[in-house]
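Visitor: Per the UniProt record's numbering, the very first residue in the sequence shown carries number 1; after that it's consecutive.
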Amino acid sequence: MLSTVEVVQVFLARLAAQDASGIARLCAPTVEWEAPEPGGLRWAPGPRTRREVESQFLTQFATFDLEQLSVRQVIVDGGDAAVVGSARWRVLATGDQAEVRFSAVLSVHLGEIEQYWQLPDTLAVALATGAARTGA
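Next comes the structure, spelled out in structure tokens:
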């Protein structure tokens, strides 16, 4: 069984590799989920199955190519971990870049992610995808 730190390390490695099925395998059968849809506009909280987690990341990876993932800080307290970092994504449809700062909170029990909160800069994502525009 993996520790909380190990689960976070594997999660980040699989995110960097754009391995949606590998991320889903880290999850409990049901995950309490709080994250925006890949376009950044709509939040979709609530429980997710492993298959739904995989689908979420497959959609994200079909929309964006991860060019760089930087982790600034990981804070672990028992089964809870907070990750603060940034990612540079390229929108596959347009080639535009999105520099996205994020925080993520993962709760791990018995080596599986039971709760996942992703708090990205949704404005940066929406601007990059064309879902939002600035006044300029």
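Note that CB positions come from ideal geometry on N, CA and C, so glycine has one too.
Pick helix, strand or coil for Gln60, following the three-state DSSP scheme.
Guide: Three-state DSSP puts Gln60 in a helix.
Visitor: What does Arg25 pair with, by DSSP beta-bridge criteria?
Guide: Its beta-bridge partners do not exist; DSSP assigns none.
Visitor: Considering Ala13, what are the terminal residues of the beta strand (DSSP E) in which it resides?
Guide: Here Ala13 belongs to no beta strand (DSSP E); instead the alpha helix (DSSP H) covers Thr4 to Ala16.
Visitor: Check each candidate in Pro47, Asp77 and Glu99 and name the one with the smallest Cα separation from Tyr116.
Guide: Measuring from the Cα of Tyr116, the nearest candidate turns out to be Pro47.
Visitor: Mind checking which residues open and close the beta strand (DSSP E) that includes Gly85?
Guide: Taken as a continuous stretch (DSSP letters only), the beta strand (DSSP E) holding Gly85 covers Asp80 to Val91.
Visitor: Would Ser103 and Asp80 be called neighbours here (beta carbons separated by less than 8 Å)?
Guide: Not in contact: Ser103 and Asp80 (Cβ atoms no closer than 8 Å).
Visitor: Ala20 by DSSP, collapsed to three states: which one?
Guide: Reduced to three states, the DSSP call for Ala20 is helix.
Visitor: Would you say residue 208 and Phe61 are within 8 Å of each other, going by their C-beta atoms?
Guide: Given that the chain is displayed from residue 1 to residue 136, the structure contains no residue 208 and the question cannot be resolved.
Visitor: What is the DSSP secondary structure of Glu37, counted as helix, strand or coil?
Guide: The answer is coil: DSSP assigns Glu37 none of H, G, I, E or B.
Visitor: Going by C-alpha distance, which of Val83, Asp65, Gly111 and Arg101 is nearest Val91?
Guide: That would be Asp65, whose Cα lies nearest to the Cα of Val91.
Visitor: Straight-line CA distance for Ser70 to Glu99?
Guide: Straight-line Cα distance between these residues: approximately 11 Å.
Visitor: If you drop the 5 nearest sequence neighbours on each side, which residues of the same chain put their C-beta closer than 7 Å to that of Arg88?
Guide: Hits under 7 Å: Glu67, Gln68, Gln97 and Glu99.
Visitor: Note down the Cα distance separating Leu26 from Gly111, rounded to an integer number of angstroms.
Guide: Their backbone Cα atoms lie some 8 Å apart in a straight line.
Visitor: By Cβ distance, which residues of its chain are closer than 6 Å to Ile75, with the 5 residues on each side in sequence left out?
Guide: The residues are Ala82.
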